Every structure is written in structure tokens, then in C-alpha cells.
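Worksheet: the structure to be examined is printed underneath.
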Amino acid sequence: MRKLSSFFSVVAALALGAAGAQSSTTPSTAVTPAGTEIINKAEITFTPEPTPANPNPPSETVETPPVVTVVNPVPSFTITPNDGSADPTQPDYTQPGQTKEVKPCDKNVTFVYTLINTGNVNGESYTLTNTPDPTGAVKTPENVRFYRDTNGNGQLEQAEIDAGTTTTITGVAIGQSVQFFQVYDVPCTATSTDKFGGDPTGTRNDNPNFSNDPTLPRDANNSNTVTVNRQDGVVIGPKADPDGNGNPVTPAYTSPEGVAISPTANDSQIATVTTLPASGITVTFTNTLQNTGNRTDTFELTQTNTFPAGSTITFRDANGNALPDADGDGNPEVPNVPAGQTADIQVIVTLPAGVTPTQLAGQPAVVITTTSQNDPSKSDKTTDIIHVKVPGLSFGNPTPTPGGDPAPVGTPPAGVPGNPNTPLVPGNPETCTAPIRTYLPMEIANLGSQDDAFVVSGTAPVTVLNPDGTVNPTPVIVPVVYYRDVNGDGRLDAGDTALQGGNTGTIKPGEEVKLIAVVDVPCAAAKQTITLNQEAKSPTTGVSVKDPNDTITVGDNGGKPTVTKTVDKPTANPGETLTYTIIGKNSSNANVTKALVCDTVPTNTTFVSFTATTTASGTVVYSNDGGKTWSASASAPAAGSKVCAGVDTNNGGGVTETDLLKPGESINVTYQVKVN
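Read in order, the letters of the sequence shown are residues -23 to -1, 1 to 653 in mature numbering (1 follows the signal peptide of the UniProt record, and there is no 0).
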């Protein structure tokens, strides 16, 4: 499996070295686990300018709200030994990683493999499957199965067989390795010209602790082959097209239930459903198989499907009669098909009561496999698909998965003015003109089963002050302007683009689009909580959703010095740099003295740099011990218990009560740390 970073490669290598002959090992690791919150806050300290009434004012401190960055899950794993494939998601059976010689009817042909969690997510689980040779040159053996190597000795023992097969490996910690076996049987009908092989394929399962993580790595370049010292056939496809090549494409037909079904040229057929009754729905497909061998054969039918839980798949013959199950394995057979002849079968799909369009987004399907009983290595597949054209929509605050608006009240995110912790600061109603911009992260999702486009709109009723300071009884109705959140970080960035007329463009079923709702609040706004009125609607299907619960907080004007802090990444990977922007400003109408903007190194990070500029007249100086000693270097020399920046306005070499920060002047800090 390709590693996601060289850092994780090192972790994996350490894990392999420590594993030895053990089936599982968990070395120590310095990588920061996924979900870790990196939290800290900045502060400004100052002393009011002395007055005759208060000649020795005490020092004061103002802090920012906590700023949070969550470490992203960076899942990664590897299964070894690999084959010669350059693509870790596809095997190359021409360059297998392991080979053996076998005889026909050999049982329990065994290959040992090692799986290692090379990511930063604990408690991972993986599903084991077998990926056949994509070219078909190497055949798939019988009874492919997996066992755990419980004692790590690389030998499949009876106790491990008695413990039963497995299809999942669970609870794998960061850096932990687990050994397992792929085992299969060689058919007794194998000939000396046959090659058989398997490819143990690992697929990472969605971690419940990180259910919003869409990254599900796959490792499939692990093929093995066996050469046999020791030859019938079948194809199945859409109705009247058993080879499924669409030459010619079978005309569309109607199922017994009245559903339109259209065969395609890629060995599939699609049933289009336009209504979903509450009681559920049944669709009967007709598929055609053909005996391509030179003697009469019986063919077993099996299926896998992606329909919602509670759905059923039933096979019947062309007249609707039940098919036999001569061997009692639960899989029906189409018996005694003469050489070169065809047979129609009915594939009856029943969807349960209460199934929703969202559950059917992505066109769920059943894959039917027919297998020769003369030669079980001969099989073929075809696909029956249901496409439901029913609209659906969600619109509101961001959620881990599409659908819903769980927060009772949405606000601008931390670090963006307009939330309760950092209200918007209005201007002087007598003189101000420029509006105050704020924004809220939003998202819209197509919960229907067909492509759709939506128009989003919103207004913000704002109470404003007249120039004389009195409240205007008529609110100003400010339009909400929507931007596409291109990088999905929930913040208004330079690359985000405004929706023209609020139109989202086409959104596919199950897909969601991240948005930013931008509001330009008049600078003469009164102190208040503004509630937005928002709606998303499809001009095509008419489906609509309102979102009336997002708010913007407007606070008082003026007051003491203020400090704000933002971070460029709400989530980050280990090894990435976080850049904090800290602004300490004298927002009062009087001088303050000994003004310092300070911060600390957050847990799970390493200090990178701390630099400052100022609008005051003087030299920026730094302290890494909270203001006890000072340096006039280009940046803070190193991390310390508390790193501060101040302005030496009187050339005294440091910051004391004689150094002034005048009204409107600020100290602006750029602070960088690296996520461990």
C-alpha cells in the first residue's frame, strides 16, 4: 500500500521491526492521534495611563477565547508482502509476491501476510476480501478464506483453523501489526495448464470515532499464485444479451410491476422508479444466461447487493417458478442447459416498507453470478440496477454527514466576529459608513436520487441607530450572499467564489456542497442578536428547506484594549504548520502602558516562530519569559513559558509603564507552531 507520508512510513518500519514473530505488536509512537484538539489562547496585558486620581493603576489582562484546531484522521495501512503492481489498489498477477506448486484437489493452500496500521487513527478495523485477477488469466481458487495467525509463527495450525475463519481485523492501534493467512483449495478438475491465485485485499472500515472521514484506504497489491500439474463455460447478462456486450443492445422492456427497465452496453440494466410507496416496492428483472461450453451443464446462481437493509432478492425461472437447490447450500440452480443454449431467469428485488430516496442514492444494484457445475472455476456476472428519481434536500449548519441542521442556533465560527464570544463591534453611528463583514459556514446536500440544482437565498433584518444615537424603528433588510467554500474549511477565503443568483449548480445524489453565508452588517447597528431568514429550493422539483436559526451577535462599541486570535486551519494533519494571527489593539479612547501580546506553545505542538508588527511608533521587542527580559531581534528567539511581543516607544530596551500604546494603535502577531 502506498504510504500517505514519509513520516508514517517510518512508523510502519518501526512497527515491522518490533513485530518479529509475534502476531501483534504496538510500538510507541510520536504521531499525534486523530481527533486530538490543539487548544490555546492569547492575551494582552496593559497598565492604564496614570491620572491624578489614580497615580498607580494596576496592570490588567484581556484574553482571547480558546482557539481550537483538531488533528485530522490520516488513515493508512499496508498489507505485505506485495506483488509487482505499481498501483496499490490493484493486483498484478503476472508478478505475484508469493508462489507455490500444487496438485489438483490440494486443500488448505496457505499464504501468510502482515497488516500494519501506518496511520494516526487508533482502534482501526479492516475488512478482508479476495480480489481476483482483473485480467482473468489467473483463476480464482475454491473456498478462499482467512484465518488469524494467533501465535505469530507463520504456520497455519489446527487450533487456528478450529477458531474459525475471519473477514475482519479489528481494534488495530497506531503502528500495530497483525499476521493472518489467506487459505484456499485447488479444484479437483484443475488441469496442468491452469494457474490459480488469490489477492488478500484489505479495505479500511469507517472508524466510528471519525464517522465523517471519507478516506477509506484499500490495499490490493498482494497477489499470490499456484501452478497446477493437470478444462466448460457460462455467460450471463441483461435480457436477451447473455454476453452483456450490447451488440445489439436489448430494447427497453417493462417489468410485470410496470417498471421501465433499460439494458445497457456494459453488462447491466437499469430500472427507473419514479415513486416510492410507503409499503415498499418490487421490481422483477429478466436476465439471460448461456451455456458457452460443449456439453449440458447446470449453473448455480449467487448474488451480492447494495440495497438497503430489509431488501430481498429472489431467483425464479422464466415462468415464475421456484428454482431447485439440489445441493442444499441455499443457492438455486438453473438445471440442464444444453450446450450453446440460453435460459431466462427472473431476479425479483423487493425493497422494504419505509425505504427513502436517500437510502437509494447512488443507484444501488444486485450483482448476479452464475457458476458452472461442470467446472466451478467458470463463472460470469451481470448487474441489475434500480434508479429512483425522487427529490430530497437538506440545508443548514455543517454536519458530519449529509442531512439535517442539528444546532439549535448557528453562529459565526470561533475567531470570526459575530459569535457570542466575539460580538461585532459597531462604529460611531454619526460618522461610520463601511459595513462590518461576517460569515457563517453552511452546507447543502442533495438527499434525492437524481441530479438537482438549488437556489439559496437569505436576509438579515438589522436594527440600526440613527445618527443621533436613537433606535430606528424600521430594520434594515440586508441580503445574505452565498459563496462556495472551495476548500471546505468553514471560513471565507480568497479562493471562495460567490454563487451567481444563489444558484448552486448541479449536485449529484448524496453529494453535499459547503457554503459560506456572508452578511455585511451596517456599521451603525445597535447591540442585538440578528436572526437570519434562509431558504434553499429546487426550481426543478420544487423541494425546499428553510433555515431560520442562524444568528449574528452585535456587541457594544468601544471599551478596553482588545485582542483577537484566529488560526488558518480548523483541522490539520501531523507535521503541518498552524499559523495563528493575533491582534492586540487599544480600542479605548485613552493611552495604555506596558501593552504586551502573549501566547504559549499548545500541547501536542512544537514552536516554529513568533513575529510581530505594530502601528505604534517604536521598536517591536520580544520576551520568552512573560516580559521579564527583552530582545530586539527580528522575531522571538525561541519558545518559552510565555512568549510576548511589545513596543518599546521610548527606546528603553524593553517594555515598561513608560511605553505607550495610543488609541487605535495595535500589535499584530503571526505565531506558528507545528503539529506533532
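Cβ atoms here follow ideal geometry from the backbone N, Cα and C, with glycine treated the same way. For clarity, every value in this text was computed on a predicted model and none was experimentally measured.
Contact annotation: the region 240 to 248 touches the region 207 to 223, with at least three C-beta pairs closer than 8 Å. With fewer than three CB-CB distances shorter than 8 Å, the region 462 to 476 does not count as touching the region 501 to 514. Apart from the 5 residues on each side of it in sequence, Asn653 sits with its Cβ closer than 8 Å to the Cβ of Ala7, Val8, Thr9, Pro551, Asn581, Thr582 and Thr583 in its chain, given in chain order. One thing to note: Gly623 has its Cβ no nearer than 8 Å to the Cβ of Asp602. Following the DSSP letters along the chain, one finds Gln135 in no beta strand (DSSP E) but inside the alpha helix (DSSP H) bounded by residues Gln135 to Asp139. Bridge partners of Tyr416 according to DSSP: Val495. The alpha carbon of Asp60 has as its nearest neighbour, out of Val531, Ala391, Thr261 and Asn201, the alpha carbon of Asn201. In this structure Leu638 is buried. Its beta-carbon is surrounded by 16 or more other beta-carbon atoms within 10 angstroms.
Per DSSP, the continuous beta strand (DSSP E) segment holding Gly623 begins and ends at Val620 to Asp625. Residue Gly631 holds the alpha-carbon nearest to the alpha-carbon of Gly595 among Gly631, Gly561 and Asn563. Take Ser232, set aside five residues on each side of it, and the residues of its chain with a beta-carbon closer than 6 Å to its own are Ile238, Val260 and Thr261, in chain order. In the three-state DSSP reduction, Gly210 falls in the coil class, being neither helix nor strand. Contact holds between the region 110 to 118 and the region 161 to 180, because three or more Cβ pairs, one in each stretch, are under 8 Å apart. Here Asn351 carries a coil assignment [DSSP, helix/strand/coil]. Two segments are said to touch when three or more pairs of C-beta atoms, one from each, lie closer than 8 Å; by this definition the region 340 to 354 does not touch the region 400 to 407. Residue burial is scored here from C-beta neighbours: Gln135 has fewer than 16 other C-beta atoms within 10 angstroms and is therefore classed as exposed.
When DSSP reads this structure, Asn130 sits in no beta bridge, so it has no partner. The C-alpha of Phe123 lies about 6 Å from the C-alpha of Val160. Our two residues, Gly629 and Val598, have alpha carbons roughly 11 Å apart in a direct line.
Around Thr518, the same chain offers Pro368, Gly425 and Asp429 as residues with beta carbons nearer than 8 Å, after the five sequence neighbours per side are excluded.
Within the region 215 to 303, the beta strand (DSSP E) runs of at least 3 residues that lie entirely inside it are, in chain order, 237 to 240, 245 to 250, 258 to 268, 274 to 282 and 289 to 294. Straight-line spacing of the CA atoms in Gly392 and Val531 works out to 15 Å. In this structure, the straight-line span from the alpha carbon of Val498 to that of Pro406 is close to 13 Å. Counting the other CB atoms within 10 Å of its CB gives Glu20 a total of 16 or more, which places it among the buried residues. Ile454 is a Cβ neighbour of Thr436, given a cutoff of 8 Å. Residue pairing of Gln477 in beta bridges, as defined by DSSP: absent, with no partner found.
DSSP places Thr518 in the coil class of the three-state scheme, outside both helix and strand. The closest CA to that of Thr108, considering only Asp183, Gly96, Gln153 and Pro177, is found on Pro177.
One Cα belongs to Leu133, the other to Lys77, and the distance between them is close to 16 Å. Within the same chain, Cβ atoms closer than 7 Å to the Cβ of Asn308 are found at Glu277, Leu278, Thr279 and Asp302, the five residues on either side in sequence being excluded. Distance between Thr506 and Ile529, taken at the CA atoms: about 6 Å. The residue among Asn443, Thr415, Thr483 and Asn449 with its C-alpha nearest the C-alpha of Pro456 is Thr415. Here Asp196 is bridged, per DSSP, to Gly179.
With contacts defined by Cβ atoms closer than 8 Å, Glu420 and Glu489 form a contacting pair. Contact between Leu337 and Val520 is absent: CB atoms are separated by about 16 Å, not below the 8 Å threshold. As computed with DSSP, Cys165 is found in no beta bridge at all.
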